[in-house]
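Peer 1: Residue numbers (our numbering): 528 to 782. By construction, the Cβ of each residue, glycine as well, lies at the ideal position given by its N, Cα and C atoms.
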Ligand code: ADP
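Below you can see the structure in the form of structure tokens.
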């Protein structure tokens, strides 16, 4: 018999994630792909694959979250990313506190209560600054793959300040910095500082209840974690699989 008790689907704007959990809420399978234009068809295929791999009965609950969650007809229920990230991280780290989720197109600050539910939150989904896209657009100019962004930003002590908080203006600022012969790693360092500045202003509005916790794809970027820790003088802790926390929380809430 299959060990899978529930499947969580995070149909994000940038990546699509599935997590299968067992009766104890432990992760037994997962998948992650860049989001395709027809996310509902993509999720159906990913579900078929994970079900086949783990011999899952069609009756196991499937909970959808993320930007495209309402398109997932196969889901038994859909829940907000705020609820799901809070639950996933609470279960993984076993702590209440202030959670920062930075995804491809939006960022959120969530106060996670003692029972793992969100108590308060703030969301930025209007502006690309403060999201993964801000780094991606501008880094594409420098020809740097996302996995190398953090290590490159941390490889230098020099920093080119990027004053624009808007992605479009930041990109033209970078073009002129390149034209003036600025070091690409110093530009990247400045870019990370600018993203972190945006995120920190949201954190301060919501207020910090230690510890600070980080989830979403951008949590995999160590420069972001280090700069948030520096700016707040707080420890910043991460779950084992930060990018899967929305799907993990959804799976847990389906049990
Ligand atoms: P969403 O749920 O909004 O689709 P994710 O939480 O999956 O987004 O985050 C996607 C973002 O994560 C991308 O913008 C990308 O820049 C960033 N990202 C993913 N992997 C890495 C990595 N290894 N290092 C740095 N950034 C990463």
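Using the Cα positions of residue 558 and residue 656, report the straight-line distance between them to the nearest angstrom.
Peer 2: Start at 1 with the first residue of the chain shown, and residue 558 comes out as number 31. Start at 1 with the first residue of the chain shown, and residue 656 comes out as number 129. Cα to Cα, residue 558 sits roughly 28 Å from residue 656.
Peer 1: Helix, strand or coil: how does DSSP classify residue 552 here?
Peer 2: Here residue 552 refers to the residue found at position 25 of the chain shown. Residue 552: coil per DSSP, three-state reduction.
Peer 1: Tell me the residue span of the beta strand (DSSP E) that contains residue 638.
Peer 2: Taking the first residue of the chain shown as 1, we reach residue 638 at position 111. Note, residue 638: beta strand (DSSP E), 634-639.
Peer 1: For residue 620, which three-state DSSP category applies?
Peer 2: Taking the chain shown and counting its residues from 1, the one referred to as residue 620 is at position 93. The answer is helix: DSSP assigns residue 620 an H, G or I state.
Peer 1: Suppose the cutoff is 6 Å on Cβ atoms and the five residues either side in sequence are ignored; what does the same chain contact list for residue 682 look like?
Peer 2: Taking the first residue of the chain shown as position 1, residue 682 is located at position 155. Closer than 6 Å at the Cβ level, and outside the excluded window around residue 682, lie 712.
Peer 1: In chain order, what residues of the same chain have a beta carbon less than 7 Å from the beta carbon of residue 758, not counting five sequence neighbours either side?
Peer 2: One-based indexing of the chain shown puts residue 758 at position 231. 723, 727.
Peer 1: Just checking my contact of residue 589 with residue 603 at CB under 8 Å: how many whole Å lie between their CB atoms?
Peer 2: Numbered from its first residue, the chain shown carries residue 589 at position 62. Numbered from its first residue, the chain shown carries residue 603 at position 76. The pair is a contact, with the Cβ atoms about 6 Å apart (cut-off 8 Å).
Peer 1: By DSSP, does residue 779 sit in helix, in strand, or in coil?
Peer 2: Numbered from its first residue, the chain shown carries residue 779 at position 252. Note: residue 779 maps to helix in three-state DSSP.
Peer 1: Considering only heavy atoms of ligand 1, does any lie closer than 7 Å to the CB of residue 542?
Peer 2: Locating residue 542 in the chain shown gives position 15, where the first residue counts as 1. Yes, the beta carbon of residue 542 sits closer than 7 Å to at least one heavy atom of ligand 1.
Peer 1: Under 8 Å, do residue 666 and residue 676 count as touching if we go by C-beta distance?
Peer 2: Here residue 666 corresponds to residue number 139 of the chain shown, with the count starting at 1. Here residue 676 corresponds to residue number 149 of the chain shown, with the count starting at 1. Yes, the Cβ-Cβ distance between residue 666 and residue 676 is below 8 Å.
Peer 1: For residue 769, which of helix, strand or coil comes out of DSSP?
Peer 2: Position 242 of the chain shown holds residue 769. Note: residue 769 maps to helix in three-state DSSP.
Peer 1: Residue 537: which of 554, 591, 579, 631 sits nearest, CA to CA?
Peer 2: Start at 1 with the first residue of the chain shown, and residue 537 comes out as number 10. Closest by alpha carbon: 591.
Peer 1: With DSSP as the reference, please indicate the residues paired to residue 648 in a beta bridge.
Peer 2: Residue mapping note: residue 648 aligns to position 121 of the chain shown, counting from 1. Bridge partners of residue 648: 637.
Peer 1: Assign residue 638 to buried or exposed, taking buried as 16 or more other Cβ atoms, counted over all protein chains shown, within 10 Å of its Cβ.
Peer 2: The residue labelled residue 638 in the question sits at position 111 within the chain shown. By the 10 Å Cβ count, residue 638 comes out buried.
Peer 1: For a test of the three-state rule: what should DSSP assign to residue 678, helix, strand or coil?
Peer 2: The sequence position of residue 678 within the chain shown is 151, counting from 1. The answer is helix: DSSP assigns residue 678 an H, G or I state.
Peer 1: According to DSSP, simplified to helix, strand and coil, what is residue 591?
Peer 2: On the chain shown, residue 591 is found 64 positions in, with the first residue counted as 1. Residue state, collapsed to three classes: strand.
Peer 1: Run through DSSP, which three-state label would residue 759 get?
Peer 2: For the purposes of this step, residue 759 is taken as residue 232 along the chain shown, with counting starting at 1. Looking at residue 759 - three-state DSSP - the assignment turns out to be helix.
Peer 1: Between the Cα of residue 629 and the Cα atoms of 652, 777, 690, which residue gives the shortest distance?
Peer 2: The count along the chain shown starts at 1 and reaches residue 629 at position 102. The shortest Cα separation from residue 629 among 652, 777, 690 belongs to 652.
Peer 1: How close, in whole Å, do the beta carbons of residue 541 and residue 631 come, if the pair is a contact with beta carbons under 8 Å?
Peer 2: Residue numbering aside, residue 541 sits at position 14 when the chain shown is read from its first letter. Residue numbering aside, residue 631 sits at position 104 when the chain shown is read from its first letter. At roughly 3 Å, the Cβ-Cβ gap stays under 8 Å, so residue 541 and residue 631 are in contact.
Peer 1: Which class does residue 561 belong to by DSSP, given the choice of helix, strand or coil?
Peer 2: Within the chain shown, the letter at position 34 stands for residue 561. Here residue 561 sits in strand by DSSP.
Peer 1: Closest by CA to residue 764, which one among 749, 771, 776, 773?
Peer 2: Against the chain shown, residue 764 aligns to sequence position 237. Looking at the Cα atoms, 749 is the closest of the given residues.
Peer 1: Specify the secondary structure class of residue 659 as computed by DSSP and reduced to three states.
Peer 2: For the purposes of this step, residue 659 is taken as the residue at position 132 of the chain shown. If DSSP states are grouped into helix, strand and coil, residue 659 belongs with the helices.
Peer 1: How close, in whole Å, do the beta carbons of residue 778 and residue 546 come, if the pair is a contact with beta carbons under 8 Å?
Peer 2: The residue labelled residue 778 in the question sits at position 251 within the chain shown. The residue labelled residue 546 in the question sits at position 19 within the chain shown. With a Cβ gap of about 5 Å, residue 778 and residue 546 count as contacting.
Peer 1: Per DSSP, what kind of secondary structure is residue 538 in: helix, strand or coil?
Peer 2: Translated into the one-based positions of the chain shown, residue 538 becomes position 11. Note: residue 538 maps to strand in three-state DSSP.
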